[in-house]
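Heads up: the sequence shown runs through residues 1 to 134, numbered per my numbering.
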Amino acid sequence: MARKKTTKKTSAAKKTSAKAKKAPSSRKRKKASAKKTSASLGRPRIAGTAELDLEFKGDFGARQIFQFLDVQTFKELEEFSPQEITDRVITPLVQAVERIRKQLAMANRHLAGDQKFARSFQDALAEVTGATRK
1 MARKKTTKKT SAAKKTSAKA KKAPSSRKRK KASAKKTSAS LGRPRIAGTA
51 ELDLEFKGDF GARQIFQFLD VQTFKELEEF SPQEITDRVI TPLVQAVERI
101 RKQLAMANRH LAGDQKFARS FQDALAEVTG ATRK
């Protein structure tokens, strides 16, 4: 009977060694699946060719942005990043405010809390034109 006990131990030892061999191969598979870049959001609920104006009927601000970007469909809109949209919308406004500040400074006026800019702009303008500032 002693022999039977030893054979059972060897078969148990074989099973553990087989499990140990399978572990590295399963780890390799996990690494391969981990390389996927992003998870899917699932099937889109709105077609890419759907018109933005129909989906954003009540959002006038969003529709103005779509018009400014000259996009009509979701696919066209998805080509832009949020930061790119913000930059494209804000840049003309910032430029317009700069023009207003300069125009006011030339008329010896300034926006609230903007007197320092007006003085520095007048000094720079006087330096370029060669005129003396009063």
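All C-beta atoms in this analysis are idealised placements derived from N, C-alpha and C, irrespective of residue type, glycine included. As the structure is a computational prediction, the values presented were derived from the model and not from experiment.
Per DSSP, what kind of secondary structure is E127 in: helix, strand or coil?
-> Within the sequence shown, residue 127 is the residue found at index 127, counting from 1. It is helical.
N-terminal and C-terminal residue of the alpha helix (DSSP H) that P44 is part of | On the sequence shown, residue 44 is found 44 positions in, with the first residue counted as 1. From DSSP, P44 is part of no alpha helix (DSSP H); its letter is neither H nor E.
Is the CB-CB distance between T73 and E55 below 8 Å?
-> Start at 1 with the first residue of the sequence shown, and residue 73 comes out as number 73. Start at 1 with the first residue of the sequence shown, and residue 55 comes out as number 55. For T73 and E55, no; Cβs fall outside 8 Å.
With burial defined as no fewer than 16 other Cβ atoms inside 10 Å of the residue's Cβ, what is the status of I65: buried or exposed?
-> Against the sequence shown, residue 65 aligns to sequence position 65. With 16 or more Cβ atoms within 10 Å of its Cβ, I65 is classed as buried.
DSSP state of E51, grouped into three classes?
-> The residue you call residue 51 lines up with position 51 of the sequence shown. Note: E51 maps to strand in three-state DSSP.
Can you grab the Cα-Cα spacing for the pair A105 / G48, in whole Å?
-> Mapped onto the sequence shown, residue 105 falls at position 105. Mapped onto the sequence shown, residue 48 falls at position 48. Spanning the two alpha carbons is a distance of roughly 49 Å.
Residues in its own chain within less than 7 Å of K75 by CB, not counting five upstream and five downstream?
-> Counting from 1 along the sequence shown, the entry for residue 75 is found at position 75. Only G48, T49 meet the Cβ criterion.
Whole angstroms is fine: what's the gap from Q95's alpha carbon to F60's?
-> In the sequence shown, counting from the first residue as 1, residue 95 sits at position 95. In the sequence shown, counting from the first residue as 1, residue 60 sits at position 60. Distance between the alpha carbons of Q95 and F60 is about 23 Å.
Tell me, which residues are paired with T73 by DSSP?
-> For the purposes of this step, residue 73 is taken as the residue at position 73 of the sequence shown. Per DSSP, E51.
State yes or no: is the C-beta of R101 within less than 8 Å of the C-beta of F117?
-> Walking along the sequence shown from the start, residue 101 turns up at place 101. Walking along the sequence shown from the start, residue 117 turns up at place 117. Yes; because the gap between Cβ atoms is below 8 Å, this pair is in contact.
For K57, name the three-state secondary structure that DSSP assigns.
-> On the sequence shown, position 57 is the one that residue 57 refers to. Three-state DSSP puts K57 in coil, outside helix and strand.
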